[in-house]
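In this note's numbering, the protein residues as written are 4 to 758.
Don't be surprised by glycine CBs; every beta carbon is placed ideally from N, CA and C.
On a predicted model such as this, the values are computed, not experimentally measured, just so you know.
Here is the structure we will look at.
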Ligand code: ARG
Ligand code: GLU
């Protein structure tokens, strides 16, 4: 008895420390989180956050093209997301004459808003638990394969039925807690989403890769779009006759500012996390996998960086590839440090010990007491093959550009072998065109150098049934590799000057040449090896691991019935909540929660590739011309809070205690990026642009005050009892050309709260 009592005490203390962790399912907030959120300062009801039969905040949150989040901020479908989320759209409209990436862009009227084919914004209609329907017919005694096939059939039936009944909606079935729970999610997908505005990259990407994942931060990472619909307010492909979408709800923007301790919540679509790994696998990640992947990317990043610094062409060709590669590379490094600094492995091992003790104390869990040990063994068993997997992903797929590109030629070769003249010709023409596009952003010497430096890491790592080409190279020994690799590039037909011409003229001959080239052969062999040897080898272990993980989270929930559990992120809508909070990163290093324009100026390096600034911003700073957005003569820029977020939460609205927009999420602080595996509220922080900075840039720098007029601004801190309205004269201090005569008058509400 005493033992259980101590366990419970430890648990309750643990619970309080963990109170802010989690990415919660909106439809379960009323049940799981609401009182905790209220205790932390939330002032609105759970129904105002999520409801199905009436409008709620969820109706203002959109999944932006599947990878980011955005929010609706006017009754006319105005949408806010990050600059890095809208980057490719901004880029696609940029030309040398109208360089929107460099100079920024503001549509002066609705007719100047720019359509983007392929871009969509999805709004969630309903989240419904269908676990019983999906699991019907499966039993605990079944094998994983049997269970899987039953689930597949049930899922197909369920999705088919739902779709037939609701042709206007899209349905998605998602599994949670490793297949313990299934949710059917319906959404409305809008496909006419137009670019409205973006700041210059010197603001939207200020600090670029040097400042990425860094706090204190000074980036105005936002861009604006508008969702359009047909005359019935329904989704429609782009058409001139479409009209601005009228959302069921749009967010009010609060410009009163934030202070330490303020309640915040983030509503968005986090991509993926690993919160229920045993300590051993977290250790594998930070001791084996991350260092291995970092080692490969170190090579790539050093080679790219050296060339980009001296070669303008390479800089243009490789800027976004570099950003992509360095983004994860930097995060992996941060994870290693964060796990160490928070003593996470020890904490997790203690929790596992506690779990085991609970299993021993609770009769129905007695068979689960060795679950963690079993998982440990399987995770350890898959280390070598998992490293081979990362070797291929990092080297053969993401690392060496030519290797990935030449995989496109396999159909050409098939058609040539089948002597299908017509298909061969069509494919050759397609590939010739594709090669042109590829070469535009390709530097042959640079890629060859990358290959010489990273292919050896692959060759050293692959031990499981290597194919013929790899085995030959391995037998030759590493001394010969640099020369062999260089030759492979020099002999390859792809980079010869007349390649595209020849391919079109003489596809059969070229197909043969390609098929016989070492570069193609090696790349194809590595690709097949990845699927046929590595993934096939990992599959049975992974199935076993998944089954144990599923049992583990179920057992955890039984062992600790008072604790609320949240499922790993999986690109579904979630709510995270926390507080604006400064933090101590290391001994004697304390970070404030808010940054100001002064800090932007401190980092300014005229003419620099990462830290240059538009003259107009400097002028505004010198004149302290901040309009209604400043605070005691200072212009706020970014702030941090303890919300639990991850990739995919970019562009997510950050709301105050009243559900009003105060920030735009775009990053996490370096010290706490291990939060995908282990969240520690003492140093895990999400990074947001202060909405006041967003409005300041739109209004004062962009001169687009007509857009601000369309929004609902309130200026009262949630702690104040009486709220003031923001006068429209105050709001748009710079009057510029009126946007669109047809637009609705801004609705501004005066709110009084009696206490
Ligand atoms: N770290 C942020 C995220 O994970 C921003 C990435 C874009 N910026 C960059 N410099 N790579 O997406
Ligand atoms: N920048 C990330 C994104 O694009 C968000 C940062 C994070 O991983 O928390 O989603």
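| Check | Outcome |
| --- | --- |
| Scan the stretch 236-314 and note each continuous beta strand (DSSP E) run of 3 residues or more that stays entirely inside, going in chain order. | 266-271 |
| Between the Cα of residue 214 and those of 118, 459, 670 and 106, spot the shortest distance and give me the residue it belongs to. | 670 |
| Can you tell me which of 583, 95 and 653 puts its alpha carbon nearest to the alpha carbon of residue 684? | 583 |
| Note down the Cα distance separating residue 221 from residue 210, rounded to an integer number of angstroms. | 8 angstroms |
| Can you pull the DSSP bridge partners for residue 580? | 268 |
| Are at least three pairs of beta-carbons, each pair with one atom in the stretch 554-565 and one in the stretch 356-368, less than 8 angstroms apart? | yes |
| Please report the residue range of the alpha helix (DSSP H) in which residue 485 lies. | 484-494 |
| Could you give the distance in angstroms between the alpha-carbon of residue 249 and the alpha-carbon of residue 195? | 13 angstroms |
| Measuring straight from C-alpha to C-alpha, what distance separates residue 609 and residue 497? | 41 angstroms |
| Expressed to the nearest angstrom, what Euclidean distance is found between the alpha-carbon atoms of residue 660 and residue 197? | 31 angstroms |
| Over what stretch of residues does the alpha helix (DSSP H) that includes residue 30 continue unbroken? | Residue 30 -> no alpha helix (DSSP H), and no H or E assigned at all. |
| Specify the secondary structure class of residue 594 as computed by DSSP and reduced to three states. | strand |
| Please look up how many angstroms separate the CB atoms of residue 268 and residue 569, rounded, as I've assumed it's under 8 angstroms. | Wrong, their Cβ atoms sit about 14 angstroms apart, outside the cutoff. |
| Between which two residues does the alpha helix (DSSP H) harbouring residue 79 extend? | That residue, residue 79, is in no alpha helix (DSSP H); it is neither H nor E in DSSP. |
| Taking just the CA atoms, how far does residue 342 sit from residue 501? | 53 angstroms |
| Take the Cβ of residue 383 as the centre, count every other Cβ of all protein chains shown within 10 Å, and call the residue buried at 16 or more, exposed below. | exposed |
| Measuring from each Cβ to the nearest heavy atom of the ligand ARG, keep the ones under 6 angstroms and list them in chain order. | 87, 211, 212, 215, 216, 326, 330, 650, 653 and 670 |
| Specify, as a first and last residue, the run of the beta strand (DSSP E) that residue 190 falls within. | 184-193 |
| Please confirm if the stretch 118-127 is in contact with the stretch 63-75, defined as three or more CB-CB distances below 8 angstroms between the two stretches. | yes |
| Quick one: is the Cβ of residue 71 within less than 7 angstroms of any heavy atom of the ligand GLU? | yes |
| So residue 678 and residue 85 are supposed to be a Cβ contact under 8 angstroms. How far apart are they, rounded? | 19 angstroms between Cβ atoms; not a contact. |
| Restricting to Cα atoms, I'd like to know which of 30, 186, 512 and 571 is closest to residue 133. | 186 |
| So, under 8 angstroms CB-CB, residue 544 and residue 381 are touching, yes? Tell me the CB distance rounded to an integer number of Å. | 6 angstroms |
| Does the Cβ-Cβ distance between residue 700 and residue 202 come in under 8 angstroms? | yes |
| Closer than 7 angstroms by C-beta to residue 253: which residues in its own chain qualify, once you throw out the five before and the five after it? Chain order, please. | 63, 75, 76, 77 and 78 |
| By alpha-carbon positions, which one of 655, 344, 311 and 483 ends up nearest to residue 693? | 655 |
| Taking the beta carbon of residue 735 as the centre, do at least 16 other beta carbons fall within 10 Å, making it buried, or is it exposed? | Unreliable placement is indicated for residue 735, whose pLDDT of 47 sits below 50; the coordinate value is still reported in the next sentence. Counting Cβ neighbours within 10 Å, residue 735 comes out buried, since at least 16 surround it. |
| Should residue 405 and residue 460 be called a contact, given that it needs their Cβ atoms to be closer than 8 angstroms? | no |
| Of the residues 634, 403 and 548, which one's Cα is nearest the Cα of residue 530? | 403 |
| Quick one: residues in its chain with C-beta nearer than 8 angstroms to the C-beta of residue 51, no 5 flanking neighbours on either side, listed in chain order? | 59, 60 and 662 |
| Using only the alpha-carbon positions, how far apart do residue 34 and residue 279 sit? | 22 angstroms |
| In the DSSP output, what is residue 666 paired with across the bridge? | 657 and 693 |
| Are there 16 or more other CB atoms within 10 angstroms of the CB of residue 599, so buried, or fewer, so exposed? | buried |
| How about residue 698 and residue 717: are their beta carbons less than 8 angstroms apart? | no |
| If you drop the 5 nearest sequence neighbours on each side, which residues of the same chain put their C-beta closer than 6 angstroms to that of residue 147? | 546 and 550 |
| Who are the near neighbours of residue 399 in its chain, counting only those whose CB is closer than 6 angstroms to its CB and skipping five residues on each side? | 406 and 529 |
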